[in-house]
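The next block holds one structure in the form of structure tokens; read it before the comments.
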Amino acid sequence: QSLSCFNFPFYRLPPINGTSTTGPKALCRLAFLFIIVLICVIYLFFLLTVNLLDSRSVMGDPGWVAYPKNGWEEIGEVDEDYAPIHTYQVCRVMEQNQNNWLHTNWILTEGAHRVFIELKFTLRDCNSLPGGVGTCKETFNMYYYETNDWALKESRYIKIDTIAADESFTELDLGDRVMKLNTEVRDLGPLTRKGFYLAFQDLGACIALVSVRVFYKRCPFLVKSLAEFPDTIPGSEASQLVEVVGHCVNNSLPLYEPPRMHCSTEGEWLVPIGKCVCQPGFEELNGLCHVCKPGFYRSPGATACSCEERHYKIESDPPSMACTRPPSAPRNAISNVNETSVFLEWSVPMETGGRKDVRYNILCRRVLPEGRGLEECGPNVRFLPRRLGLSNTSVMVADLQSHTNYSFLLEAVNGVSDLAKEHARQYVTLNVTTNQAAPSPVSVVRKGHTGKSSISLSWAEPDRPNGIILEYEIKYFEKEQDSSYTIIKSKETEMVVEGLKPSSVYIFQVRARTSAGYGAFSRRYEFQTSPYLTATSERAQASIVAVAVTLALVLLAVVAGFLLSGRRCGYSKAKQDPEEEKMHFHNGHIKFPGVRTYIDPLTYEDPNQAVHEFTQEIDVSFISIERIIGAGEFGEVCCGPLRLPGKRELQVAIKTLKAGYTEQQRRDFLWEASIMGQFNHPNIIRLEGVVTKSKPVMIITEYMENGSLDTFLKKNDGQFTVIQLVGMMRGIASGMRYLSDMGYVHRDLAARNILVNGNLVCKVSDFGLSRVLEDDAEATYTTRGGKIPIRWTAPEAIAFRKFTSASDVWSYGIVMWEVMSYGERPYWEMSNQDVIKAVEESYRLPGPMDCPEALYHLMMDCWQRERTNRPKFDEIVCLLDKFIRNPSSLKKLVNSSHRVSNLLVEHASVEGDCSSRNQTVGDWLDSIKMGRYTELFMEGGYASLETVAQMTSEDLRRVGVNLAGHQKKIITSIQEMRVHMNSASSTVKLCQ
Numbered sequence: 001q002s003l004s005c006f007n008f009p010f011y012r013l014p015p016i017n018g019t020s021t022t023g024p025k026a027l028c029r030l031a032f033l034f035i036i037v038l039i040c041v042i043y044l045f046f047l048l049t050v051n052l053l054d055s056r057s058v059m060g061d062p063g064w065v066a067y068p069k070n071g072w073e074e075i076g077e078v079d080e081d082y083a084p085i086h087t088y089q090v091c092r093v094m095e096q097n098q099n100n101w102l103h104t105n106w107i108l109t110e111g112a113h114r115v116f117i118e119l120k121f122t123l124r125d126c127n128s129l130p131g132g133v134g135t136c137k138e139t140f141n142m143y144y145y146e147t148n149d150w151a152l153k154e155s156r157y158i159k160i161d162t163i164a165a166d167e168s169f170t171e172l173d174l175g176d177r178v179m180k181l182n183t184e185v186r187d188l189g190p191l192t193r194k195g196f197y198l199a200f201q202d203l204g205a206c207i208a209l210v211s212v213r214v215f216y217k218r219c220p221f222l223v224k225s226l227a228e229f230p231d232t233i234p235g236s237e238a239s240q241l242v243e244v245v246g247h248c249v250n251n252s253l254p255l256y257e258p259p260r261m262h263c264s265t266e267g268e269w270l271v272p273i274g275k276c277v278c279q280p281g282f283e284e285l286n287g288l289c290h291v292c293k294p295g296f297y298r299s300p301g302a303t304a305c306s307c308e309e310r311h312y313k314i315e316s317d318p319p320s321m322a323c324t325r326p327p328s329a330p331r332n333a334i335s336n337v338n339e340t341s342v343f344l345e346w347s348v349p350m351e352t353g354g355r356k357d358v359r360y361n362i363l364c365r366r367v368l369p370e371g372r373g374l375e376e377c378g379p380n381v382r383f384l385p386r387r388l389g390l391s392n393t394s395v396m397v398a399d400l401q402s403h404t405n406y407s408f409l410l411e412a413v414n415g416v417s418d419l420a421k422e423h424a425r426q427y428v429t430l431n432v433t434t435n436q437a438a439p440s441p442v443s444v445v446r447k448g449h450t451g452k453s454s455i456s457l458s459w460a461e462p463d464r465p466n467g468i469i470l471e472y473e474i475k476y477f478e479k480e481q482d483s484s485y486t487i488i489k490s491k492e493t494e495m496v497v498e499g500l501k502p503s504s505v506y507i508f509q510v511r512a513r514t515s516a517g518y519g520a521f522s523r524r525y526e527f528q529t530s531p532y533l534t535a536t537s538e539r540a541q542a543s544i545v546a547v548a549v550t551l552a553l554v555l556l557a558v559v560a561g562f563l564l565s566g567r568r569c570g571y572s573k574a575k576q577d578p579e580e581e582k583m584h585f586h587n588g589h590i591k592f593p594g595v596r597t598y599i600d601p602l603t604y605e606d607p608n609q610a611v612h613e614f615t616q617e618i619d620v621s622f623i624s625i626e627r628i629i630g631a632g633e634f635g636e637v638c639c640g641p642l643r644l645p646g647k648r649e650l651q652v653a654i655k656t657l658k659a660g661y662t663e664q665q666r667r668d669f670l671w672e673a674s675i676m677g678q679f680n681h682p683n684i685i686r687l688e689g690v691v692t693k694s695k696p697v698m699i700i701t702e703y704m705e706n707g708s709l710d711t712f713l714k715k716n717d718g719q720f721t722v723i724q725l726v727g728m729m730r731g732i733a734s735g736m737r738y739l740s741d742m743g744y745v746h747r748d749l750a751a752r753n754i755l756v757n758g759n760l761v762c763k764v765s766d767f768g769l770s771r772v773l774e775d776d777a778e779a780t781y782t783t784r785g786g787k788i789p790i791r792w793t794a795p796e797a798i799a800f801r802k803f804t805s806a807s808d809v810w811s812y813g814i815v816m817w818e819v820m821s822y823g824e825r826p827y828w829e830m831s832n833q834d835v836i837k838a839v840e841e842s843y844r845l846p847g848p849m850d851c852p853e854a855l856y857h858l859m860m861d862c863w864q865r866e867r868t869n870r871p872k873f874d875e876i877v878c879l880l881d882k883f884i885r886n887p888s889s890l891k892k893l894v895n896s897s898h899r900v901s902n903l904l905v906e907h908a909s910v911e912g913d914c915s916s917r918n919q920t921v922g923d924w925l926d927s928i929k930m931g932r933y934t935e936l937f938m939e940g941g942y943a944s945l946e947t948v949a950q951m952t953s954e955d956l957r958r959v960g961v962n963l964a965g966h967q968k969k970i971i972t973s974i975q976e977m978r979v980h981m982n983s984a985s986s987t988v989k990l991c992q
């Protein structure tokens, strides 16, 4: 018999006793004002949201199904207006092993990709129930099943969340008739089918569902800048912005480009681009285009006007455009000479002629000796970016002659300059003299006689010596050994290089020196020594070989003993203080790891000084925003080309600071740029510069085409070779080695903070976070960018806030696990509190599927409890380099019988193992991220794990799994399933 715990109208509020001391008129005014505000709020809410389901508004039978029938039951109630409502309750706490399901009817999505589910419910406190209760819980589960039709397949339901009550009621509340109504909202998406079912699972709670409302948000119809934007459904991702093209209202046309707005997932219109303007003969008034009145600008219906003297129009100008004239000369022209290059810079003309298409032309002339006049510069002179049609107010002129006078004419032109007479054009003149310059690179290096240990070289003088050549410098090294090279000098244009190895390839480069300094090295030339030996040399070499073999054997024995006493690739398990300063050699340079070279911007009294010192200011005119790629913490994230003078066009990412910011928000926004500006490494995201002198404030970084590493791996699951994955990990470790040498501790190393470019190069990013440990149950760190999960953080950093490069190494081990599992979430669905407890009890993540044993051993070394036992980043890079050079070392995979699967983590006890027998084929396929094939397995007759365990590769092809990578992944999991079934046979007997 069920406990009747909902036998009162719990949705009604009890009357409030007492009398008011406020006058009747004042109360009337307040009540009227409250009603008006409430109506506005309700109207705005329903304008932005669309209900797909509201159980309180359904008339008649809602069509929901309960299973078993004696579980959930519908209770007929009425609200405060005596309108019927549908309430479902269940309270079978007197019996063990409850599993009661309640299915909604089919909910049509109406094209929405992300929906929200609002639940209102009451729940009874288990402690208030009488003794003898068989089982009692204070939570219930919510599931969904997405489908295009009305079919109902309970086994295919996917869990959304476990719902818990903020407040529960007791027996005393029943007597006092006090309502404790809970409200929970969950979002669901991305949705791809026409509709879906919701299901609620009760496992032994005393609960009542008062209402279930399913809705989605939309951007409402909007008229802005003379353009209409229709009702728009947002995208499926939380940060996605949907671009919508507006339609100009009557009597208006687009200005330059059609107007656009962006619809966010919260139903807000953002980032307006472009606008509409009234057609000729119309003017804008109150958001509409009206016919111009007589006497105002032009008569009604006029579409063009004639131009006065020295004013012009071109055919492409619209009829409504005014007449224009050529611009005046550029202003404030200056020059900056750097040897044989000149940088010219100027300001826009005082008068642009009423046009926006102002461009600039440069005329270069060389002053001839002895006053013989001027001649135009030859074709060898380079203009960066170009000489004619410049849109920027600067240009670099390179490859001029040294010690030479030049005259430059700067001219501003616009669309009507060609229509004006020549004398109407205005110029500004700049006279400069170039300095003495270093010689240009040597262009030709030739090989002469070659011996077994020598090579004869000769070369020609540079094309532009720019003075008297004092000497030449020859740099050479053995191929693939460029970290160790030799430099010799010669006053002639030839040299015999001796002391080389026989049959070896060497790289040679030559450069010249004048009194102005060294020029650049020539390109690399490859020459090989002779392999031939004389009889005497052969005997001598034989003796040398014998001695070398003996020494090699001795050295091998010493190295083997050293390796047996330590770790692979040189990292030792002996304890050592990570802060201890040790001198070592790296590429021929002495380095002191304890010396900190990174400067924290917070140490500056004025944060703007750090921004000025570590970043480069970029003129906003050099940047073009082409599209929005996301929404960040401080504003939109866009991409577009960066066109700096003298440099090639570069695609960049642009982070913007939204309008209305405070000074503190501006400092926080630029703080990350002050950090990034100190780094220069191919595996660290590169800062191009900042824009602080105009609005919006921007941070400009290099553009990474493939986005974050975790998302990229999920999209390309199983598509890369092991060597490619190791290459990605090697790049991340190289970037972290650089940061560690700089003395910078990242604190938030995770796959989501690694960016990937089009060449699969991984770069470390996200440097602007500060962290404060909270004392909450989830044990997370609060940051300016949200909360960082504990599952990437080292134990000592959680317990003692001790962040070092060693704690970054722990995080790097988690990143390795993410890479090898193609973006799987570390520790799966375990809570943060469970993760902390498991790690403290020495639990470590199991080896991912198809993970080489050597890589998993490196992960385990990164997860050593004692931070002094973890490898350093330079040792990790060294070891990964060995793996890449010797791929055969990665063939041995982690023993599948020793792997701890997702299922075993969740069901580690005997009771859990028993319950795991209820796992479905769909659950198993979802756990290995192959859920797309569930229907094919069912249609092929493989409805249980026992039948799946007998499948072969031919069976997979027969049911429709045709991709080789997916076949391999499923077959590997089936083999693990067989091992697990065999090892768990005793547990199965116990369950039976």
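Numbering-wise, the UniProt record's numbering puts 833 at position 833 of the sequence shown, and it's gapless, one number per residue. Even glycine gets a Cβ: it sits at the ideal position worked out from N, Cα and C.
Asked                                                                                                                             : Found
Cβ neighbours of Cys638 in the same chain (closer than 7 Å, five flanking residues each side left out)                            : Ile625, Arg627, Ile628, Ile629, Ile654, Thr656
Assigned secondary structure, Leu241 (DSSP; H/G/I helix, E/B strand, else coil)                                                   : coil
Pairwise C-alpha distance: Gly467 and Glu461                                                                                      : 11 Å
Where the alpha helix (DSSP H) containing Cys862 begins and where it ends                                                         : 853-862
Outcome for Arg218 when other beta-carbon atoms lying within 10 angstroms are tallied against a minimum of 16                     : buried
Every unbroken beta strand (DSSP E) inside the segment 683-759 [3 residues or more]                                               : 687-691, 698-702, 754-756
Nearest-angstrom Cα separation, counted from Val756 out to Glu77                                                                  : 57 Å
Extent of the continuous alpha helix (DSSP H) run through Tyr604                                                                  : Neither: Tyr604 is in no alpha helix (DSSP H) and is coded neither H nor E.
Contact under 9 Å by Cβ, Tyr406 with Thr450                                                                                       : no
DSSP-derived helix/strand/coil call for Trp346                                                                                    : strand
Minimum length 3: unbroken beta strand (DSSP E) runs contained in the UniProt domain "Fibronectin type-III" (326-437)             : 331-338, 341-347, 359-367, 374-376, 382-384, 394-398, 405-413, 427-433
Cβ-Cβ distance between residue 1072 and Lys658 below 9 Å                                                                          : Not covered by the structure: residue 1072. The range shown for the chain is 1 to 992.
6 Å CB neighbourhood of Ser765 in its chain, flanking five on each side removed                                                   : Ile685, Asn753, Leu755
Inter-residue Cα distance where the pair is Arg825 and Ser807                                                                     : 19 Å
Contacts around Tyr427, its chain only, beta-carbon distance under 7 Å, and the 5 residues preceding and following it disregarded : Ala329, Leu409, Leu410, Glu411
Within 9 Å, strictly: CB atoms of Tyr216 and Ile233                                                                               : yes
Coil, strand or helix - Ser306 by DSSP                                                                                            : coil
Residue interval of the alpha helix (DSSP H) (run including Phe883)                                                               : 873-885
Per-residue burial, Pro327 [other beta carbons within 10 Å of its own, 16 or more giving buried]                                  : buried
Inter-residue spacing [alpha-carbon to alpha-carbon] between Gly689 and Lys647                                                    : 14 Å
Spatial distance of Val921 from Tyr157 (CA atoms)                                                                                 : 12 Å
His113, buried or exposed, once every other Cβ within 10 Å from all chains shown has been counted against 16                      : buried
Enclosing beta strand (DSSP E) for Glu471 [first to last residue]                                                                 : 471-478
CB of Ala208 within 9 Å of CB of Ile75, strictly                                                                                  : yes
Environment of His103 [buried if 16+ CB atoms lie within 10 Å]                                                                    : buried
Three-way DSSP call (helix, strand, coil) for Pro272 in this model                                                                : strand
DSSP-derived helix/strand/coil call for Lys575                                                                                    : Because the pLDDT at Lys575 is just 36, under 50, the model does not fix this residue reliably, and the value given afterwards should be weighed accordingly. DSSP places Lys575 in coil when its eight states are reduced to three.
Neighbour-count burial assignment, Pro439, 16 or more Cβ in a 10 Å radius                                                         : buried
Contact set for Gly931: own chain, Cβ-Cβ below 7 Å, skip 5 residues either direction                                              : Gly922, Leu925
Coarse secondary structure for Leu945, derived from DSSP in three states                                                          : helix
Trp459 - partner residues in DSSP beta bridges                                                                                    : Val445
Beta-carbon proximity list for Cys323, same chain, < 6 Å, skipping 5 on both sides                                                : Cys307, His311, Lys313
Where Asp125 sits in the DSSP three-state scheme                                                                                  : coil
Ser484 classed as buried or exposed, judged by whether at least 16 other C-beta atoms fall within 10 angstroms                    : exposed
Pairwise C-alpha distance: Thr87 and Ala750                                                                                       : 45 Å
Per DSSP, the bridge partner or partners of Met142                                                                                : Asp161, Phe200
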